[in-house]
Amino acid sequence: MSKNLLKHIHNPTDLRKLDEQQLPQLAKELRDFIIDIVSVKEGHLGASLGVVELTIALHYVFNTPEDLLVWDVGHQAYGHKILTERKEKFDTNRQLGGISGFPKRSESVYDTFGVGHSSTSISAALGMAIASQLKGENKHHIAVIGDASIASGMAFEGLNHAGVTDANLLVILNDNAIGIDPSVGALKNYLTSVKSGKNPKQNNMIKSLNFDYSGPIDGHDIQGLIKELERLKKVKGPKFLHIITTKGKGLQQAEADQVKYHAPGKFDKTTGEIHKKLEDHLPPKFQDVFGLTLVELAKKNPKIIGITPAMPSGSSMKFMMNAFPERAFDVGIAEQHAVTLSAGMATQGMVVFCNIYSTFLQRAYDQVIHDVALQNLPVVFCLDRAGLVGEDGATHHGVFDLAYLRCIPNLIIYAPKDEMALRNILYTAQLGLSNPIAIRYPRGRGKYKDFSLQIADCRFDKIKIGKAHLIKEGNLFAILSTGFIGNNVTLALENIDNADDFAHYDFGFVKPLDEVMLHEIFATYEAIITIEDGIIKGGFGSAIVEFAFENEYPTKIKTLGVPDVFIEQGTIDELQQICKIDVKSIESLLASF
């Protein structure tokens, strides 16, 4: 048997030329290939290793791309990309100008639906299946979804609809008991009972939704998978295959520590050991400042509650969950529920810190408006990963929050410029606000190298809501920044000869704006520059332009931020350069003013 099968596989047509007995060897080679690249280039490792056999079986049995395959979220799609004409450029994965870390329609005909956020696959594949019926096409439609994603409300909506159709839809549940963090909730417990054989067949909830259910079967038995998929091809109507896999399969350390090896960074491909980063004397991560500050505040305020939808590690809510497990909740991939749960608690006088990544709060927009802001409930939204987030690309950048939140009545919006400002706004919020507040802060590290995470004795200062601050005086022009991107302005001003021309103001509060300060600024300076790490249209700069128009100020205003396009993947530095909000671009602009 050839030991270099993958070398000759460029697309699924090549794959289908192999004998079935050769496929386990191909699976080993595919795993090795993923490990080789991701160990050096970084990326989402564990999920893709876990579905290698499934990926091969699907493309072997079904006539892709004619048959339509949708991967939920897409963390697990590396093997799919390698087998579908992207092997030679897989080393560009998640890099500027390279291939996306997620399936993307514009990238390949094999990527039938663009993904990145969870729980969309069933609805998308069902839509494709119904459309095929209407067009008289005889195609198969497959949605692969994980046990964490299927617990989301949208997945249930898709299942609910599919069960009353005769659509040619196959839903494959990739059950490994973990998403990014371990799966939670009653559905997880149900699936555990199914896997252990403790659930009576007549109590199968998937069957009760009119699906032809089969499984659970071993998701690493490639011959068994092929046999079952061939059988299901002949079954009419909605079908459901439950497979059991191990996240990180094939790399011992990844199997043993599935949370850490979800996206481990660079690691030794032979030993699996993650390369240690030199983190001594580096500023802390904003998420850790949030998590540790929340614990510090919760020790003194028994009304504080922490809520996160499936991101306890990423948001550092894990600190609260460890310290006060009865007052901190991981509700699973359920952003809508997280927001309305927070609202319900707030009606009873609890001080609720609802921590959701900026890009994921988009999934709960109606709940923010209808359940929180309309009732003016003082929920504290902590929006991690605001702004440009880097290699995860367009699906994950938190660049829309200022625009989509600014139009909501009653809502306060604050962007801290540094770690201390984040601590102080968290302290201020738990003292009691009369309005809901959204606090948005970036992915990554803060500003102060000597900022200690052992902050139990660190003093807090109450922040005055709606107050802006002068950072640097100037003679001719004013720069107005909001949030952490203001530090780029500070660095740029240190490097130009005409720095005395520019005053710099920190507008932490995008809503309410400090209108007293704005009147002074417009009466004093010849021109104004605004800068933000969100989209320009509808964001902070737009708010300043609106103020100028409403007050009939003729002052020239230049707005800097993310342009009116979807920004793809790359390092944060590279993406800031594209948006012209990096230090060098700001220097060039100011020097030419």
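One point on numbering: in the working numbering, the residue at position 413 of the sequence shown is 413, and numbering is uninterrupted.
Built from N, CA and C at the ideal position, the CB exists for glycine as well.
With a CB to CB cut of under 7 Å and the five nearest residues on each side skipped, what residues in its chain are close to residue i?
i	result
ALA456	With a pLDDT of 48 at ALA456, under the threshold of 50, the modelled position of that residue is not reliable, and the figure given next carries that caveat. Excluding sequence neighbours, ALA456 sits near GLU296.
GLN258	GLY46, ILE178, LYS247, GLY248
LYS207	TYR213
ALA394	PHE566, ILE567, GLU568
By the DSSP assignment, the alpha helix (DSSP H) with residue i in it spans what residues?
i	result
ASP175	Premise fails: ASP175 lies in the beta strand (DSSP E), 169-175, not in any alpha helix (DSSP H).
HIS519	515-524
ILE37	23-41
HIS59	52-61
Using CA atoms only, rank isn't needed, just tell me which of the options is closest to residue i.
i	options	result
THR120	ASP533, TYR261, LYS537, LEU69	LEU69
ASP392	LYS234, VAL510, ILE567	ILE567
VAL73	ASN63, SER100, THR64, ASP91	SER100
VAL510	ASN487, MET205, ALA468, GLY43	ALA468
GLU550	THR571, GLY306, PHE522	PHE522
PRO65	LYS139, ALA386, ALA334	LYS139
ASN174	GLN133, SER48, LYS236	SER48
TYR448	LYS285, ILE408, ALA27	LYS285
ASN210	LEU232, HIS161, GLN253	HIS161
SER149	GLY163, VAL171, GLU53	VAL171
THR555	ILE535, ILE578, VAL562, ILE529	ILE529
ASP288	CYS382, PRO512, ILE471	CYS382
LYS227	ILE465, LEU54, ASN322, LEU26	LEU54
ASN410	LEU480, SER588, PRO283, ILE465	ILE465
ASP166	GLU326, ILE496, PRO238, LYS417	PRO238
THR428	ARG459, GLY43, ILE142	ARG459
Looking at the structure shown, is residue i part of a helix, part of a strand, or coil, going by DSSP?
i	result
SER481	strand
ILE141	Here residue 141 turns out to be His, not Ile, going by the sequence shown. It is a strand residue.
ARG440	strand
ILE333	coil
LEU341	helix
THR271	coil
GLY349	coil
ASN189	helix
CYS599	Nothing in the structure corresponds to residue 599, since the chain is present only between 1 and 593.
PRO302	coil
THR530	strand
ILE9	coil
ALA456	Because ALA456 carries a pLDDT of 48, less than 50, the predicted location of this residue cannot be relied on, and the following value inherits that uncertainty. Coil, per DSSP.
PHE381	strand
ARG406	helix
ILE82	helix
LEU126	helix
Which first and last residues belong to the beta strand (DSSP E) in which residue i is found?
i	result
PHE502	502-506
VAL562	556-562
ILE243	239-244
SER152	No beta strand (DSSP E) holds SER152; DSSP gives it neither H nor E.
ILE206	Unbroken run through ILE206 is the alpha helix (DSSP H), 205-208; no beta strand (DSSP E).
PRO283	No beta strand (DSSP E) holds PRO283; DSSP gives it neither H nor E.
ILE226	Note, ILE226: premise wrong, no beta strand (DSSP E); alpha helix (DSSP H) at 222-233.
Ordered along the chain, which non-local residues of its own chain (more than five positions away) have a Cβ less than 8 Å from that of residue i?
i	result
HIS10	GLU85, LYS87
PRO216	ASP175, VAL194, LYS195, HIS242, ILE243, ILE244
ILE369	ILE408
HIS396	GLY116, TYR357, THR359, ARG385, VAL389
GLY594	Given a span of 1 to 593 for the chain in the structure shown, any question on residue 594 remains unanswerable.
MET205	TYR190
ASN4	GLU29
ASN487	LYS417, ASP418, LYS447
Considering only residues of the same chain and omitting the five flanking positions on each side of residue i, which have a CB-CB separation below 6 Å?
i	result
MET420	none
TYR414	ILE425, ILE439, GLY508, PHE509
LEU594	The requested residue 594 does not occur in the structure, where the chain is confined to residues 1 to 593.
MET517	ALA468
LEU470	TYR505
| query | Would you call the region 122-130 and the region 373-380 touching, i.e. three or more CB-CB distances under 8 Å? | reply | no
| request: Answer yes if the region 488-508 comes into contact with the region 399-407, meaning at least three C-beta pairs across the two stretches below 8 Å, and no otherwise. | output: no
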